[in-house]
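Q:
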Amino acid sequence: MSQVLLSLRELLRDPDVRAPALAFAFWVVGLVVSRLAVGALTRFAGRHLDAQRVQSVRRISFYALVGLVTLAALHRGGVDMSVFFGAAGILTVAFGFASQTSMSNLISGVFLIGERSFEPGDIISVGATVGEVLSIDLLSVKLRTPENLFVRVPNETLIKTDIVNLSRFPIRRVEIDFRVEYDTDLATLAKLLDEIVHELPQCLLEPKTHFFVQDFTDAAVWVKFRFWTRREIFLEARATVQALAQERLAAAGIRQPTQRLRMERSADMASAVRERDTTA
26 MSQVLLSLRE
36 LLRDPDVRAP
46 ALAFAFWVVG
56 LVVSRLAVGA
66 LTRFAGRHLD
76 AQRVQSVRRI
86 SFYALVGLVT
96 LAALHRGGVD
106 MSVFFGAAGI
116 LTVAFGFASQ
126 TSMSNLISGV
136 FLIGERSFEP
146 GDIISVGATV
156 GEVLSIDLLS
166 VKLRTPENLF
176 VRVPNETLIK
186 TDIVNLSRFP
196 IRRVEIDFRV
206 EYDTDLATLA
216 KLLDEIVHEL
226 PQCLLEPKTH
236 FFVQDFTDAA
246 VWVKFRFWTR
256 REIFLEARAT
266 VQALAQERLA
276 AAGIRQPTQR
286 LRMERSADMA
296 SAVRERDTTA
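Have a look at this one:
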């Protein structure tokens, strides 16, 4: 055993061997220290950030520290860093031109993580897409639609597009449009709809309901009814109120007119068409 140690000591006295060996040892120790530092940073971030952002912080900090440790180990091993940085600069420029979209998505992802407009589990609307946020990554956001489809939205698109967070607040307002005849007693209709809200446990009494005339058309009056419900039962509450309102309106004799298209053919127009065909 002592002979092996002596041989190893003699080997390390050689400058050509000692420098790479020390650089490798420095790199190994640096990796261990980096893992410990990232673990401490992750625990600290976990007390202030959600799981998704903690994961992003852990990845970014780990790769950054590993990169710094690797560069320091190469420098300690006698590698000329000026040549390395020159080559790295050229590669960085070439890589930047080749991956402009990816870099834009990466930078946008950092802004999205910092802004916290939405979190995993939220329901958001982006353009024509509505879905649950599965993850917020550095390049894209993953969504699951109500049809159970997987949608990947680039972060750059999210930065440039209006995002509607449908589940940010605990309650949501439901709006239902009704089309009634001109002779309808609107006060009776408003009272009937308000009674439905007071009867159903899915509906909230505060904030109060809101009933108003929205538009007048040739055949009907358009009215809008608003009430509030908890966000997790939004669709259920709207469907229940619509079904019950349809039943109560029919029982109260309040009719919802349907659009009818009537076509008339004038005798003069028909004779003019026949005349034109004969001339041709």
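Residues in the sequence shown are numbered from 26 upward in steps of one, following my numbering.
Cβ coordinates follow ideal geometry from the N, Cα and C atoms, glycine included.
Computed from a predicted structure; not experimentally measured.
1. Pick out the complete alpha helix (DSSP H) segments inside the segment 163–199, 4 residues or longer, and give them in chain order.
2. Under the DSSP definition of a beta bridge, which residues are partnered with residue 266?
3. Comparing C-alpha positions only, which one of 162, 240, 56 sits nearest to residue 92?
4. Candidates 239, 257, 258, 256: which alpha carbon is nearest residue 250's?
5. Using the Cβ count rule (16 or more neighbours within 10 Å means buried), how would you classify residue 308?
6. Would you say residue 186 and residue 134 are within 8 Å of each other, going by their C-beta atoms?
7. Determine, using beta carbons only, whether residue 256 and residue 194 come nearer to each other than 8 Å.
8. Taking only runs that begin and end inside the segment 65–108, name each unbroken alpha helix (DSSP H) of 4 or more residues, in chain order.
9. What does the alpha-carbon distance come out to for the pair residue 260 and residue 269?
10. Within 10 Å of its beta-carbon, does residue 130 have 16 or more other beta-carbons around it, so buried, or fewer, so exposed?
11. How would you call residue 161, buried or exposed, if buried means at least 16 neighbouring beta carbons within 10 angstroms?
12. Look at the Cβ atom of residue 211, then the Cβ atom of residue 248, and state whether they are nearer than 8 Å.
13. Please name the residue or residues paired with residue 235 in a DSSP beta bridge.
14. Might you give, ordered along the chain, the residues of its own chain that have their beta carbon closer than 6 Å to the beta carbon of residue 244, omitting 5 neighbours on each side?
15. Mark residue 237 as exposed unless 16 or more other C-beta atoms lie within 10 angstroms of its C-beta, in which case mark it buried.
16. Using a Cβ-Cβ cut-off of 6 Å (strictly less than) and excluding sequence neighbours within five positions of residue 190, which residues of its own chain qualify?
A: This is what the structure gives:
1. 180–185
2. Along the sequence shown, one-based indexing puts residue 266 at 241. Looking at the DSSP assignment, residue 266 forms no beta bridge with any residue, so it has no partner.
3. For the purposes of this step, residue 92 is taken as residue 67 along the sequence shown, with counting starting at 1. Among 162, 240, 56, the Cα nearest to that of residue 92 belongs to 56.
4. Indexing the sequence shown from 1 puts residue 250 at position 225. Answer by Cα proximity: 239.
5. Here the chain has residues from 26 to 305 only, and residue 308 is not among them.
6. The sequence position of residue 186 within the sequence shown is 161, counting from 1. The sequence position of residue 134 within the sequence shown is 109, counting from 1. Contact: no.
7. Position 231 of the sequence shown, counting from 1, holds the residue named residue 256. Position 169 of the sequence shown, counting from 1, holds the residue named residue 194. Yes, Cβ-Cβ distance for residue 256 and residue 194 is below 8 Å.
8. Restricted to the segment 65–108, the alpha helix (DSSP H) segments that are unbroken, complete and at least 4 residues in length are 76–101, listed in chain order.
9. Locating residue 260 in the sequence shown gives position 235, where the first residue counts as 1. Locating residue 269 in the sequence shown gives position 244, where the first residue counts as 1. The straight-line gap from Cα to Cα measures roughly 14 Å.
10. Numbered from its first residue, the sequence shown carries residue 130 at position 105. Buried: at least 16 other Cβ atoms inside 10 Å.
11. Position 136 of the sequence shown, counted from the first residue, corresponds to residue 161. Answer is buried; the Cβ neighbour count reaches 16.
12. The residue you call residue 211 lines up with position 186 of the sequence shown. The residue you call residue 248 lines up with position 223 of the sequence shown. Yes, they are a contact pair.
13. Translated into the one-based positions of the sequence shown, residue 235 becomes position 210. 251.
14. In the sequence shown, residue 244 corresponds to position 219, counting from 1. Excluding its 5 nearest sequence neighbours in each direction, residue 244 has C-beta neighbours in its own chain below 6 Å: 282, listed in chain order.
15. Counting from 1 along the sequence shown, the entry for residue 237 is found at position 212. Taking a 10 Å sphere around the C-beta of residue 237, we find fewer than 16 other C-beta atoms and assign the residue as exposed.
16. For the purposes of this step, residue 190 is identified with residue 165 of the sequence shown, where counting begins at 1. Result list for residue 190: 143, 147, 149, in chain order.
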